[in-house]
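Enquirer: Would you mind keeping the following structure in view while I ask a few things?
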Amino acid sequence: MDLIAIVDTMFARVNMGDYAVDELKQCPGFESTFLIKRVTVPGFKDLAVECKRLIEFYNAKIALALGMPGKAEIDQVCAHEASQGIMMAQLLSNTHILEVFVHENEAQTDADLITLVENRVRKHALNAYWMLYEPKQLLTRAGQGVRQGFDDAGPAQT
Amino acid sequence: MDLIAIVDTMFARVNMGDYAVDELKQCPGFESTFLIKRVTVPGFKDLAVECKRLIEFYNAKIALALGMPGKAEIDQVCAHEASQGIMMAQLLSNTHILEVFVHENEAQTDADLITLVENRVRKHALNAYWMLYEPKQLLTRAGQGVRQGFDDAGPAQT
Amino acid sequence: MDLIAIVDTMFARVNMGDYAVDELKQCPGFESTFLIKRVTVPGFKDLAVECKRLIEFYNAKIALALGMPGKAEIDQVCAHEASQGIMMAQLLSNTHILEVFVHENEAQTDADLITLVENRVRKHALNAYWMLYEPKQLLTRAGQGVRQGFDDAGPAQT
Amino acid sequence: MDLIAIVDTMFARVNMGDYAVDELKQCPGFESTFLIKRVTVPGFKDLAVECKRLIEFYNAKIALALGMPGKAEIDQVCAHEASQGIMMAQLLSNTHILEVFVHENEAQTDADLITLVENRVRKHALNAYWMLYEPKQLLTRAGQGVRQGFDDAGPAQT
Amino acid sequence: MDLIAIVDTMFARVNMGDYAVDELKQCPGFESTFLIKRVTVPGFKDLAVECKRLIEFYNAKIALALGMPGKAEIDQVCAHEASQGIMMAQLLSNTHILEVFVHENEAQTDADLITLVENRVRKHALNAYWMLYEPKQLLTRAGQGVRQGFDDAGPAQT
Numbered sequence: 001m002d003l004i005a006i007v008d009t010m011f012a013r014v015n016m017g018d019y020a021v022d023e024l025k026q027c028p029g030f031e032s033t034f035l036i037k038r039v040t041v042p043g044f045k046d047l048a049v050e051c052k053r054l055i056e057f058y059n060a061k062i063a064l065a066l067g068m069p070g071k072a073e074i075d076q077v078c079a080h081e082a083s084q085g086i087m088m089a090q091l092l093s094n095t096h097i098l099e100v101f102v103h104e105n106e107a108q109t110d111a112d113l114i115t116l117v118e119n120r121v122r123k124h125a126l127n128a129y130w131m132l133y134e135p136k137q138l139l140t141r142a143g144q145g146v147r148q149g150f151d152d153a154g155p156a157q158t
Numbered sequence: 001m002d003l004i005a006i007v008d009t010m011f012a013r014v015n016m017g018d019y020a021v022d023e024l025k026q027c028p029g030f031e032s033t034f035l036i037k038r039v040t041v042p043g044f045k046d047l048a049v050e051c052k053r054l055i056e057f058y059n060a061k062i063a064l065a066l067g068m069p070g071k072a073e074i075d076q077v078c079a080h081e082a083s084q085g086i087m088m089a090q091l092l093s094n095t096h097i098l099e100v101f102v103h104e105n106e107a108q109t110d111a112d113l114i115t116l117v118e119n120r121v122r123k124h125a126l127n128a129y130w131m132l133y134e135p136k137q138l139l140t141r142a143g144q145g146v147r148q149g150f151d152d153a154g155p156a157q158t
Numbered sequence: 001m002d003l004i005a006i007v008d009t010m011f012a013r014v015n016m017g018d019y020a021v022d023e024l025k026q027c028p029g030f031e032s033t034f035l036i037k038r039v040t041v042p043g044f045k046d047l048a049v050e051c052k053r054l055i056e057f058y059n060a061k062i063a064l065a066l067g068m069p070g071k072a073e074i075d076q077v078c079a080h081e082a083s084q085g086i087m088m089a090q091l092l093s094n095t096h097i098l099e100v101f102v103h104e105n106e107a108q109t110d111a112d113l114i115t116l117v118e119n120r121v122r123k124h125a126l127n128a129y130w131m132l133y134e135p136k137q138l139l140t141r142a143g144q145g146v147r148q149g150f151d152d153a154g155p156a157q158t
Numbered sequence: 001m002d003l004i005a006i007v008d009t010m011f012a013r014v015n016m017g018d019y020a021v022d023e024l025k026q027c028p029g030f031e032s033t034f035l036i037k038r039v040t041v042p043g044f045k046d047l048a049v050e051c052k053r054l055i056e057f058y059n060a061k062i063a064l065a066l067g068m069p070g071k072a073e074i075d076q077v078c079a080h081e082a083s084q085g086i087m088m089a090q091l092l093s094n095t096h097i098l099e100v101f102v103h104e105n106e107a108q109t110d111a112d113l114i115t116l117v118e119n120r121v122r123k124h125a126l127n128a129y130w131m132l133y134e135p136k137q138l139l140t141r142a143g144q145g146v147r148q149g150f151d152d153a154g155p156a157q158t
Numbered sequence: 001m002d003l004i005a006i007v008d009t010m011f012a013r014v015n016m017g018d019y020a021v022d023e024l025k026q027c028p029g030f031e032s033t034f035l036i037k038r039v040t041v042p043g044f045k046d047l048a049v050e051c052k053r054l055i056e057f058y059n060a061k062i063a064l065a066l067g068m069p070g071k072a073e074i075d076q077v078c079a080h081e082a083s084q085g086i087m088m089a090q091l092l093s094n095t096h097i098l099e100v101f102v103h104e105n106e107a108q109t110d111a112d113l114i115t116l117v118e119n120r121v122r123k124h125a126l127n128a129y130w131m132l133y134e135p136k137q138l139l140t141r142a143g144q145g146v147r148q149g150f151d152d153a154g155p156a157q158t
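Residue numbers (the working numbering), protein chains in the order written: chain A, 1 to 158; chain B, 1 to 158; chain C, 1 to 158; chain D, 1 to 158; chain E, 1 to 158.
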């Protein structure tokens with residue numbers, strides 16, 4: 001049985017992990033091919049090492065790192081550090097960790113923020129599933145301007 | 001017996017380590033389940049390797065890295081480097097190191113600075129305890145907009 | 001038989017991988033000296049670890065990492081993180097990974113974007129081939145102001 | 001017999017290594033408990049690997065990395081890269097390397113520059129000695145706003 | 001017999017490797033104490049891993065990484081990434097790699113650019129030789145404000 005790791009934060013203002021769990025439970029093979037392990041950490045700088053721990057100590061095959069950088073300028077620097085950590089965690093563990101960040105200032109209202117989070121998290125949860133079990137889903141979408149959270153940009157038109 | 005590492009600096013203008021020690025001494029299991037080891041280094045760029053040394057040479061299960069970036073512009077670059085080091089130390093040791101930085105310019109007065117430091121350090125010391133012994137405390141707060149040092153932002157309202 | 005890895009993204013608005021595959025298929029030794037393995041990942045931050053996986057798990061001798069940073073300011077930070085990841089992946093695996101990024105804002109129109117992508121991808125695919133099998137092609141072009149995607153800058157004139 | 005490493009540069013405009021050597025020679029235990037090994041490299045980007053070589057090939061217990069970033073804007077980027085290297089060298093070797101940088105633009109005149117260098121280098125040489133042999137000296141100064149090169153900021157006043 | 005590695009690029013507008021080869025051929029011990037291995041890569045982001053490969057697969061004792069960042073703003077970010085890679089390559093291989101970058105915008109004319117390149121490359125080639133065989137040449141120049149490419153800044157005057 002494979003394990004898919006989901007790590008989110010207390011800092012985020014939306015329960016990001018719940019959407020990821022819900023999406024993956026609807027994928028074929030849940031509880032027969034793969035299980036889910038979810039952990040919550042304080043903030044997004046704690047995501048990288050938690051994902052790496054779940055990969056290396058629990059043998060997770062892929063991880064979702066869910067975070068929500070705040071509006072302050074310092075939050076952007078922290079988000080950069082958090083991202084660099086997730087990158088390094090992947091390279092040291094030879095395992096994909098999908099970084100799913102929703103910057104709080106991407107949405108104008110709380111309602112928009114919730115909608116954006118749900119869309120982005122669900123799409124990346126599905127991406128994680130595809131990467132493990134249906135890589136052709138990604139291959140057939142190569143260069144198609146696919147986005148998560150907002151509408152697809154679509155392919156360049158000749 | 002587990003070990004929790006606390007590292008702070010001579011550079012900071014508030015004794016950050018004392019608050020962390022005091023908070024952890026009030027947690028269940030002090031001196032029965034876990035002990036504390038505290039070290040002081042010159043400045044915040046020395047925190048990362050000291051935490052990693054305490055993890056790898058003393059078998060610390062988690063570490064608190066306590067620092068106070070100054071007001072100068074160069075201090076922001078140094079804080080970024082210190083943070084990247086703490087991130088790398090975590091990933092190389094597969095152990096959480098909670099970065100607890102209070103930027104001196106987050107407070108207007110010395111009194112506010114002390115209040116801010118105490119609040120943030122105590123909350124992160126408790127987070128460290130929860131991560132080791134009560135991870136459900138974090139899980140139930142997922143996406144709740146939890147902050148340390150200032151009031152919680154709270155969850156987005158539908 | 002050697003393996004050359006090609007990794008591109010769903011995020012890009014042009015099918016970058018197709019050009020790389022097509023160029024390499026025209027090189028001497030295709031299917032006798034080397035084969036191609038192509039994988040598509042969600043976005044450019046996923047390129048580094050996928051290249052490293054193909055190098056370390058499939059023994060790829062060189063990799064092409066094909067990505068297209070978008071126009072937003074945040075995309076520039078992400079591109080920087082993606083590039084740092086590709087750099088680290090190379091150093092940890094002791095293998096060249098040619099970073100082939102086309103920033104969407106390098107072209108004014110979709111038609112120009114497609115032309116730019118094709119040119120840059122094909123030239124770097126040929127570079128990858130040369131690095132493996134004809135290093136003298138590179139040596140004889142040392143200091144010649146060679147570019148990919150746009151016209152060569154040419155050597156400084158005395 | 002322990003070894004303390006001192007690395008400085010030809011680039012700096014003050015002989016930083018001489019001050020470090022002089023300070024350490026006055027510490028208790030010189031030539032009975034510890035010896036000094038000093039190396040000069042071209043510029044500050046060469047400090048990190050030289051310190052790491054002295055730690056790993058000569059078993060140095062701690063290192064001082066002495067550098068002087070110039071006034072140009074590009075020098076600030078280089079200083080950042082040099083600092084990141086010193087951070088990484090520490091984490092890979094599990095050994096403290098005290099970064100002692102004096103930015104040329106911290107002083108208005110050559111005379112001030114020399115005074116600043118001497119003060120900062122001597123204080124950090126003493127810090128290195130304390131870290132190895134008298135860690136309580138640091139612990140009793142926790143949160144005291146200690147500075148090197150300029151006057152101490154002092155602790156926040158209640 | 002030792003090996004000194006020289007790596008340059010097709011991207012540069014001056015044949016940087018030729019100057020390095022020429023300078024080293026004039027050093028004592030060429031072909032009796034040390035040999036040269038030169039490789040050309042596409043651009044400066046490819047320098048780090050090539051140097052590391054020459055160190056680890058060919059046992060090079062030191063390397064020169066020769067690159068020329070272009071004038072565009074994006075080139076500065078790329079140069080930063082290339083430099084970070086060279087730093088990491090050194091730390092992972094415990095071997096010096098002298099970064100010899102000439103930014104195209106350091107010179108006003110092609111003729112000045114060529115002069116600058118020749119001076120900087122030759123001086124760093126000599127530095128590499130000194131670091132291996134005559135470290136006292138560097139020690140006696142500690143803190144002397146030595147520069148490569150332009151005139152020495154000289155030591156601070158009391």
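Yeah, the Cβ is synthetic: ideal placement off N, Cα and C, and Gly gets one too.
Which residues does DSSP list as the beta-bridge partners of C/Ala5?
Expert: Here residue 5 of chain C is taken as the residue at index 5 of the third sequence, counted from 1. Note: C/Ala5 sits in a beta bridge opposite C/Lys37, C/Ala63.
Enquirer: Measuring only between beta-carbons, confirm whether B/Ala48 sits less than 8 angstroms from chain D.
Expert: Residue numbering aside, residue 48 of chain B sits at position 48 when the second sequence is read from its first letter. With 8 angstroms as the cut-off, B/Ala48 counts as an interface residue toward chain D.
Enquirer: Flag C/Met88 as yes if its beta-carbon sits less than 8 angstroms from any beta-carbon of chain A, otherwise no.
Expert: Indexing the third sequence from 1 puts residue 88 of chain C at position 88. Closer than 8 angstroms to some Cβ of chain A, the Cβ of C/Met88 qualifies, so yes.
Enquirer: What is the DSSP secondary structure of C/Val100, reduced to helix, strand or coil?
Expert: Your numbering for residue 100 of chain C matches position 100 in the third sequence. Reduced to three states, the DSSP call for C/Val100 is strand.
Enquirer: By the criterion of Cβ-Cβ separation under 7 angstroms, what are the contact partners of E/Asn127 in chain D?
Expert: Along the fifth sequence, read from residue 1 onward, the residue named residue 127 of chain E stands at position 127. Result: Pro42.
Enquirer: Could you tell me the distance, in whole angstroms, from the CA atom of C/Val41 to the CA atom of B/Arg13?
Expert: Along the third sequence, read from residue 1 onward, the residue named residue 41 of chain C stands at position 41. Along the second sequence, read from residue 1 onward, the residue named residue 13 of chain B stands at position 13. Between C/Val41 and B/Arg13, the C-alpha separation is close to 47 angstroms.
Enquirer: Along the region 24 to 42 of chain A, where does the CB come closer than 8 angstroms to a CB of chain B? Name the residues.
Expert: Arg38, Val39, Thr40, Val41, Pro42
Enquirer: Determine, using beta-carbon pairs with one atom in the region 9 to 26 of chain C and one in the region 100 to 113 of chain A, whether at least three such pairs fall under 8 angstroms.
Expert: no
Enquirer: Nearest CA to the CA of A/Leu139: which residue from C/Val7, C/Lys136, C/Ala82, C/Thr33?
Expert: Numbered from 1 along the first sequence, position 139 holds the residue referred to as residue 139 of chain A. The option with the nearest alpha carbon to A/Leu139 is C/Val7.
Enquirer: What three-state label does DSSP hand B/Phe44 in the structure shown?
Expert: Residue 44 of chain B sits at position 44 when you count from the first residue of the second sequence. Three-state result, B/Phe44: helix.
Enquirer: In terms of alpha-carbon separation, which member of B/Val100, B/Tyr129, B/Ala107 lies closest to B/Gln148?
Expert: Here residue 148 of chain B is taken as the residue at index 148 of the second sequence, counted from 1. Out of B/Val100, B/Tyr129, B/Ala107, B/Val100 has the C-alpha closest to the C-alpha of B/Gln148.
Enquirer: Going by CA-CA distance only, name the one from D/Gly154, D/Glu50, D/Ile55, D/Lys123 that's closest to D/Gln26.
Expert: The sequence position of residue 26 of chain D within the fourth sequence is 26, counting from 1. D/Gln26 has its Cα closest to that of D/Lys123, out of D/Gly154, D/Glu50, D/Ile55, D/Lys123.
Enquirer: Is any non-hydrogen atom of the ligand ATP found closer than 7 angstroms to the C-beta of A/His124, if you look at the structure I gave you?
Expert: For the ligand ATP, the structure offers nothing, since it holds no ligand at all.
Enquirer: My output table needs one value for A/Phe57: the three-state DSSP class, helix, strand or coil.
Expert: Against the first sequence, residue 57 of chain A aligns to sequence position 57. Three-state result, A/Phe57: helix.
Enquirer: Just curious, the alpha helix (DSSP H) that A/Gln76 is in, first and last residue?
Expert: Translated into positions along the first sequence, residue 76 of chain A becomes position 76. Where A/Gln76 is concerned, the enclosing alpha helix (DSSP H) stretches over 73 to 93.
Enquirer: Given that a residue counts as buried once 16 or more other Cβ atoms are within 10 Å of its Cβ, and exposed if not, what is D/Tyr129?
Expert: Taking the fourth sequence and counting its residues from 1, the one referred to as residue 129 of chain D is at position 129. Buried, since its Cβ has 16 or more Cβ neighbours within 10 Å.
Enquirer: Buried or exposed for E/Pro135, going by 16 or more other Cβ atoms inside 10 Å?
Expert: Translated into the one-based positions of the fifth sequence, residue 135 of chain E becomes position 135. With fewer than 16 other Cβ atoms within 10 Å, it is exposed.
Enquirer: Roughly how many angstroms separate the alpha carbons of B/Arg53 and D/Ala60, rounded to a whole number?
Expert: Residue 53 of chain B sits at position 53 when you count from the first residue of the second sequence. Residue 60 of chain D sits at position 60 when you count from the first residue of the fourth sequence. Each residue's Cα considered, the two are about 16 angstroms apart.
Enquirer: Can you tell me whether E/Phe57 is buried or exposed? The criterion is at least 16 other CB atoms within 10 Å of its CB, across all chains shown.
Expert: Along the fifth sequence, one-based indexing puts residue 57 of chain E at 57. Burial is judged here by how many other beta carbons sit within 10 angstroms of a residue's own beta carbon; E/Phe57 has fewer than 16 and is exposed.
Enquirer: What is the residue span of the alpha helix (DSSP H) that B/Asp110 lies within?
Expert: In the second sequence, residue 110 of chain B corresponds to position 110, counting from 1. According to the DSSP assignment, B/Asp110 belongs to the alpha helix (DSSP H) that extends over 110 to 133.
Enquirer: If you compare alpha carbons, which of B/Val121, B/Ser93, B/Phe44, B/Val102 is closest to D/Ser83?
Expert: Here residue 83 of chain D refers to the residue found at position 83 of the fourth sequence. Minimum Cα distance to D/Ser83 is reached at B/Phe44.
Enquirer: Can you list the residues of chain D that E/Asn94 reaches, using a CB-CB cut of under 9 angstroms?
Expert: On the fifth sequence, residue 94 of chain E is found 94 positions in, with the first residue counted as 1. Within chain D, the residues Val49, Lys52, Arg53, Glu56, Phe57 have their CB atoms less than 9 angstroms from the CB of E/Asn94, given in chain order.
Enquirer: Using only alpha-carbon positions, find the residue among D/Gly145, D/Ala79, D/Ala63, D/Arg38 that is nearest to D/Thr97.
Expert: Residue 97 of chain D sits at position 97 when you count from the first residue of the fourth sequence. Residue identity check: residue 97 of chain D is Ile in the sequence provided, not Thr. Closest option to D/Ile97, Cα to Cα, is D/Ala63.
Enquirer: Looking at the C-beta of E/Ile108, does it have a partner C-beta in chain D at a distance below 8 angstroms?
Expert: By one-based count along the fifth sequence, residue 108 of chain E stands at place 108. For clarity, residue 108 of chain E is Gln in the given sequence; the question names Ile instead. Chain D, which has no Cβ nearer than 8 angstroms to the Cβ of E/Gln108, makes this no.
Enquirer: Got a sec, what are the start and stop residues for the alpha helix (DSSP H) E/Val17 sits in?
Expert: Locating residue 17 of chain E in the fifth sequence gives position 17, counting from the first residue. The sequence given here has Gly at residue 17 of chain E, not Val. Here the alpha helix (DSSP H) through E/Gly17 covers 16 to 25.
Enquirer: Below 8 angstroms on the Cβ atoms is my guess for A/Met165 versus B/Leu91; work out the distance and round it to an integer in Å.
Expert: Residue 165 of chain A lies beyond the range of chain A shown here (1 to 158); nothing can be said about it.
Enquirer: Assuming D/Gly85 and D/Ala48 are in contact, meaning their beta carbons sit under 8 angstroms apart, how far apart are those beta carbons, in whole angstroms?
Expert: In the fourth sequence, the residue the question calls residue 85 of chain D occupies position 85. In the fourth sequence, the residue the question calls residue 48 of chain D occupies position 48. About 3 angstroms; that satisfies the 8 angstroms criterion.
Enquirer: List the whole-angstrom C-beta distance separating C/Leu24 from C/Ile4, where the pair is believed to meet the contact cut-off of C-beta under 8 angstroms.
Expert: As a working mapping, residue 24 of chain C is identified with position 24 in the third sequence. As a working mapping, residue 4 of chain C is identified with position 4 in the third sequence. Contact between C/Leu24 and C/Ile4 holds: CB atoms are separated by about 6 angstroms, below the 8 angstroms threshold.
Enquirer: Listing by chain order, which chain H residues have their CB less than 9 angstroms from the CB of A/Ala72?
Expert: Protein chains in the displayed structure are A, B, C, D and E, and chain H is not among them.
Enquirer: According to the Cβ coordinates, are A/His80 and C/Val77 closer than 8 angstroms?
Expert: On the first sequence, position 80 is the one that residue 80 of chain A refers to. On the third sequence, position 77 is the one that residue 77 of chain C refers to. In contact: A/His80 and C/Val77 (Cβ atoms closer than 8 angstroms).
Enquirer: Check whether chain E comes within 8 angstroms of C/Ala65, counting only Cβ atoms and requiring the distance to be less than that.
Expert: The residue given as residue 65 of chain C occupies position 65 in the third sequence. Closer than 8 angstroms: no.
Enquirer: Just checking my contact of A/Leu66 with A/Val121 at CB under 8 angstroms: how many whole Å lie between their CB atoms?
Expert: On the first sequence, position 66 is the one that residue 66 of chain A refers to. On the first sequence, position 121 is the one that residue 121 of chain A refers to. Yes, A/Leu66 and A/Val121 are in contact; Cβ-Cβ is about 6 angstroms, under 8 angstroms.
Enquirer: Could you tell me which residues DSSP puts in a beta bridge with D/Phe11?
Expert: Locating residue 11 of chain D in the fourth sequence gives position 11, counting from the first residue. Partner(s): none; D/Phe11 has no beta bridge.
Enquirer: Can the beta-carbon of B/Asp2 be found less than 8 angstroms from the beta-carbon of B/Thr33?
Expert: Residue numbering aside, residue 2 of chain B sits at position 2 when the second sequence is read from its first letter. Residue numbering aside, residue 33 of chain B sits at position 33 when the second sequence is read from its first letter. The answer is yes: Cβ separation under 8 angstroms.
Enquirer: Check each candidate in C/Leu132, C/Thr158, C/Asn127, C/Tyr133 and name the one with the smallest Cα separation from C/Val146.
Expert: Here residue 146 of chain C refers to the residue found at position 146 when the third sequence is read from its first residue. Nearest Cα to C/Val146 within the set C/Leu132, C/Thr158, C/Asn127, C/Tyr133: C/Asn127.
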